[in-house]
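Which chain is which? The protein sequence lines are A and B, in order.
Residue numbering for the first sequence follows the numbering used here, beginning at 10 and increasing consecutively.
Residue numbering for the second sequence follows the numbering used here, beginning at 5 and increasing consecutively.
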Amino acid sequence: MQFLDFEKPLEELHNQMNKLKEMSAKNQVDVSATVRELETSIEKTREKIYTNLTPWQRVQLSRHPERPYTLYYIEKIFSNFTELYGDRQVKDDKAMVGGMAELDGMPVMVMGQQKGVNTKMRQLRNFGMANPEGYRKALRLMKMAEKFNRPIVTLIDTPGAYPGLEAEERGQGEAIARNLFEMVNLKVPVICIIIGEGASGGALGIGIGDKVVMLENTWYTVISPESCSSILWRSWNFKEKAAEQLKLTSEDMKGFNLVDDVLPEPVGGAHAKPEEMAAIIKTYLLGALANLNKLSPEQRIDQRIEKFSKMGFYDEVAE
Amino acid sequence: MASTWFRRIKKGILTDTREKKETPDGLWHKCPECKTTNTTQELANHYYVCPKCNYHNRINAAEYFPMLFDNDEYELLFENIVPKDKLGFIDLKPYDARLKDAQKSTGLKDAMSVGAGMINGNGLVIACMNFNFIGGSMGSVVGEKISRGIDYAIEHKLPFMIISKSGGARMMESAFSLMQMAKTSAKLTRLAKAGLPYISFMTDPTTGGVTASYAMLGDINIAEPKALIGFAGPRVIKETIKKDLPSGFQRSEFLLEHGFLDFIVERQNLKQKLSTVIEWYMKGK
């Protein structure tokens, strides 16, 4: 188990527990009463920590190394997943995965950014930072889903679109822009779920949907707190402050009506009980798709345009 | 000893800034590229392009509109839409104060001006970004004015053009600025359905969220010579790949070469070229 800095009290209790168990095994004494006490104390401490998370702590949680990634959820929530590769132009982007799947027997197209689970895989997955071909692969799959009248589910988890030389040569900006434009017009239902990091255009590039949803401990905004700190404060030391100022938590985003729903995470975060998290997402998807299927394609598209058109704050004054 | 002739007696620049001998502001202009000096009047008569090296100086709506609209006649639209600091964002300075300072120094309300008028006899709506207003950053007002500009174009059956010049999203509006990418792209689908052309004109610089939304979505994407156009900024890319970037990287000519621009147009030819294109789109409609 890996603990974040703000989980220190939890880590200590866990260490105590381990020592106790070791001791009891060695000396064959009954410690079950103490174990139960410790367990209660762990639960209480966890709850206490998790009811008062700061924005920066939520950012840390969204990046927890044990947090479930896209392929985990695909495997747990859907069945008969057939991964489809390539953008048909340049290559296959390993930072963006997707394919055909079934949700309780209903054929859907599912896709999302994929982070690596260990050092080697992290490199292969480019830390979940897609290149233009990733966005173009995603669009290819969406268009296929539209052609065969299958709903689309996107799972968003990225520290941003990759800022590389080849990415620019192949039109990173164009690839994201094209996805925004095309996703607005998709005739089939589209549900987008932020499962980890929702960083800027790289997240939005697969984030235009009838329902845009955040898991409780994720963040979604225009820039990472670190980069924001470096640009606006001209120092890397103000990331906590930047995280507060950016109002990037699921609670803030729902309050601003910039996302449609927030899905609660198990206490301790999605990584504490990943199967429970997957079940929560599945239940949501089934309900939301049932509702979206009642609308005509034209209604869905109109509502999508209206929803995004309303986003923004300004005053109107007498000229 | 000859060498002492060249030895500095006092080190450093000792002239106080106040005592520096400078020509009065606004009379002369020194080209940042070739250092040639011209009077500002000469420069203005030459489309703010250096007569010697063809450097296109950065200009804003106040210069583009008179240059493009016939007889300098146009209507400024949606000037009643003004920014506000809903988030109460504070970095080294409150966003509210930044807005007030920018409004004071530019005389503008925000980084977007929308004008409607005629260009060689054809109607056109132009949304032009102002780089002098907080780096031309894209916030809610920019998005809303584009959105209304599109509604206006649809209502009056006019072609629509955006002149982009921006460092990208306005961080002080956080996710609201991000969503302007979605909002403007969504509205552009309505323009497309109405069968009206959208011309995206990119000028120096066009980066970040602006590139990743409306700037790259034109029926034609065109640019001024040597404009910096990209998604990630050159500094970020350099830090990421830890290599020097090739010369000309992310400039208009580079984008043309890689297939992302329809053509590059010099400012003195812009109006003529635009009317030719608009004529093609709108003839008989």
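Glycine residues also receive a C-beta, built at the ideal position from the N, C-alpha and C atoms.
A distance below 8 Å between beta-carbons, with the five flanking residues on each side excluded, links residue 66 of chain A to the following residues of its chain, in chain order: 13, 15. Between residue 279 of chain B and residue 42 of chain B a beta carbon distance of about 28 Å is seen, past the 8 Å cut, so the two are scored as non-contacting. In this structure, the CA atom of residue 42 of chain A is about 48 Å from the CA atom of residue 298 of chain A.
Less than 8 Å divides the Cβ of residue 103 of chain B from the Cβ of residue 89 of chain B.
The beta carbon of residue 182 of chain A is closer than 7 Å to none in its chain, skipping five residues each way along the sequence. Residues of the stretch 262–274 of chain B that bring their beta carbon within less than 7 Å of a beta carbon in chain A comprise 262, 264, in sequence order. Buried is the label assigned to residue 22 of chain A, since at least 16 other Cβ atoms lie within 10 Å of its Cβ.
For the stretch 73–105 of chain B, the set of positions with a beta-carbon nearer than 7 Å to some beta-carbon of chain A reads 83, 84, 85, 86, 87, 88, 90, 91, 93, 94, 95, 96 in chain order. The stretch 260–277 of chain A and the stretch 215–224 of chain A touch, with three or more beta-carbon pairs separated by less than 8 Å. The continuous alpha helix (DSSP H) containing residue 291 of chain A extends over residues 283–301. Within the DSSP bridge table, the entry for residue 132 of chain A names no partner.
Residue 313 of chain A has a beta carbon lying within less than 8 Å of a beta carbon in chain B. Among the residues facing chain A, residue 254 of chain B is included, as its CB has a counterpart in that chain under 8 Å away. Straight-line measurement puts the Cα of residue 94 of chain A at about 11 Å from the Cα of residue 104 of chain A. If you check the CB distance, residue 99 of chain B and residue 176 of chain B come in under 8 Å. Nearest neighbour of residue 218 of chain B by Cα position, chosen from B/208, B/74, B/147, turns out to be B/147. Taking a Cβ-Cβ cut-off of 7 Å, the neighbours of residue 237 of chain A in chain B comprise 175, given in sequence order. Judged by DSSP in its simplified three-state form, residue 85 of chain B adopts strand. For residue 287 of chain B and residue 121 of chain B, the gap between their C-alpha atoms comes out near 17 Å. As for any alpha helix (DSSP H) of minimum length 4 sitting wholly inside the stretch 91–152 of chain A, the runs are 128–133, ordered along the chain. Around residue 172 of chain A, the beta-carbon contacts reaching into chain B at under 7 Å are 236, 240, 241, 244. Secondary-structure assignment with DSSP links residue 267 of chain B through a beta bridge to B/226.
The DSSP-derived three-state label of residue 76 of chain B is helix. Interface residue (Cβ-Cβ distance to chain A less than 8 Å): residue 133 of chain B is not classified as such. At least one C-beta of chain B is nearer than 8 Å to the C-beta of residue 194 of chain A. Between residue 46 of chain A and residue 96 of chain A, the C-beta gap is not smaller than 8 Å, which leaves the two residues out of contact. For residue 127 of chain B, same chain residues with a beta-carbon under 6 Å away, outside a window of 5 residues either side, are 162 in chain order. Annotation: the stretch 20–94 of chain A contains the following complete segments of the alpha helix (DSSP H) (minimum length 4 residues), in chain order: 41–60, 64–71, 79–86.
Residue 147 of chain A sits away from residue 170 of chain A, with the two beta carbons spaced by 8 Å or more. In the three-state scheme derived from DSSP, where H, G and I count as helix and E and B as strand, residue 188 of chain A is classed as helix. Cβ contact annotation for residue 117 of chain B (same chain, cutoff 7 Å, sequence separation greater than five): 65, 80, 132, 134, in chain order. A contact between stretches requires three or more CB pairs, one per stretch, nearer than 8 Å, and the stretch 272–281 of chain A meets this requirement with the stretch 69–85 of chain A. Using a Cβ-Cβ cut-off of 8 Å, residue 180 of chain B is close to 265, 267, 320, 321, 322 of chain A, given in chain order.
The alpha-carbon of residue 198 of chain A is positioned some 41 Å away from that of residue 54 of chain A. With contacts defined by Cβ atoms closer than 8 Å, residue 294 of chain A and residue 165 of chain A do not form a contacting pair. Cα atoms of residue 254 of chain A and residue 322 of chain A: separation of roughly 16 Å, rounded to the nearest angstrom.
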